[in-house]
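Undergrad: There's a structure below that I have some questions on.
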Ligand code: SF4
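Residue numbers (this note's numbering): 52 to 239.
As structure tokens, then:
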């Protein structure tokens, strides 16, 4: 029997045409910052397992069908048709974060055929994940009292990996590569 081409499964489509910021609130944890709620024009969740597979700094909660990314102090969570941002600096900053994420989604979708999507839950990157890869000598050359304090500052986007001189020694080359990969997106 000749298969009917109409029976072929439909290729999923990623579409995200626009967004609208619906709420700008004070952040409970930090009144200088904003909590912002955004309505998305389309269901963007088809991209989540691809983002989960490719970017170590993006967490994935399959139960809630949400991805979360920390960028500096900001915490950006995307649901299929909604985004909730914490600790952003007003509307302009929220728009910059939305454009960054939309660009990341489009670029990832472009090369989806080279990616095996992951549906496994993945937790947020924490200070311990960073600390484990630092030299752990508490040498203070970075200006922080301990490597753990530096790990927290890295996660919050207040410091960069360049500011830890021992990380540039050959002995830490692999840890440096891994850290750069983990921190690839959070700055910004
Ligand atoms: S410079 Fe690097 S090794 Fe030294 S305390 Fe800072 S993070 Fe730790």
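Just so you know, even glycine gets a beta-carbon here, dropped at the ideal spot from N, CA and C. Bear in mind that the values here come from a model prediction, so they are computed numbers and not experimental data.
Which residues mark the beginning and the end of the beta strand (DSSP E) in which residue 203 is found?
TA: Not the beta strand (DSSP E): residue 203 falls in the alpha helix (DSSP H), residues 198-206.
Undergrad: If we count Cβ pairs, one from each stretch, closer than 8 Å, do we get three or more for the stretch 186-200 versus the stretch 113-130?
TA: Contact between the stretch 186-200 and the stretch 113-130 is absent, because fewer than three Cβ pairs lie under 8 Å.
Undergrad: Looking at C-beta atoms only, is the number of pairs between the stretch 201-211 and the stretch 160-171 that lie closer than 8 Å three or more?
TA: Verdict: no, contact absent.
Undergrad: Can you find the residues in the same chain that come closer than 7 Å, C-beta to C-beta, to residue 98, ignoring five residues on each side of it along the sequence?
TA: Excluding sequence neighbours, residue 98 sits near 65, 156, 159, 160.
Undergrad: Using the C-alpha atoms, what's the distance from residue 218 back to residue 125?
TA: Those two C-alpha atoms are separated by around 26 Å.
Undergrad: Can you grab the Cα-Cα spacing for the pair residue 135 / residue 171, in whole Å?
TA: Taking the straight line joining both Cα atoms gives about 22 Å.
Undergrad: Suppose you measure from the CA of residue 151 to the CA of residue 189; what does that come to, to the nearest Å?
TA: The straight-line gap from Cα to Cα measures roughly 35 Å.
Undergrad: CB of residue 175 to nearest heavy atom of the ligand SF4: below 7 Å?
TA: The answer is no for residue 175.
Undergrad: Just reading off the alpha helix (DSSP H) that residue 227 is part of, what are its end residues?
TA: Segment 224-233, the alpha helix (DSSP H) holding residue 227.
Undergrad: For a test of the three-state rule: what should DSSP assign to residue 62, helix, strand or coil?
TA: Coil, per DSSP.
Undergrad: For residue 73, which residues of its own chain have a beta-carbon under 6 Å away from its beta-carbon, when the five flanking residues on both sides are left out?
TA: The answer, listed in chain order, is 88, 90.
Undergrad: Give the DSSP bridge partners of residue 158, in chain order.
TA: DSSP lists no partner for residue 158.
Undergrad: Residue 105 lies in the alpha helix (DSSP H); which residues open and close that run?
TA: Unbroken alpha helix (DSSP H) run through residue 105: 99-105.
Undergrad: Taking 7 Å as the cut-off, is the beta-carbon of residue 195 closer than that to any non-hydrogen atom of the ligand SF4?
TA: Yes - the ligand SF4 has a heavy atom lying nearer than 7 Å to the Cβ of residue 195.
Undergrad: For the ligand SF4, is there a heavy atom less than 7 Å away from the beta-carbon of residue 186?
TA: Yes.
Undergrad: Are residue 121 and residue 176 touching if we call contact CB-CB under 8 Å?
TA: The answer is yes: Cβ separation under 8 Å.
Undergrad: Grouping DSSP H, G and I as helix and E and B as strand, with all else coil, what is residue 209?
TA: Note: residue 209 maps to coil in three-state DSSP.
Undergrad: Tell me which same chain residues have a C-beta within less than 8 Å of the C-beta of residue 102, skipping the five on either side of it?
TA: Within the same chain, residue 102 has close Cβ partners 109, 111, 118, 155, 156, 159.
Undergrad: Tell me, which residues are paired with residue 116 by DSSP?
TA: None; residue 116 has no bridge partner.
Undergrad: Am I right that residue 184 and residue 226 are in contact with their C-beta atoms under 8 Å? What's the rounded C-beta distance?
TA: About 4 Å; that satisfies the 8 Å criterion.
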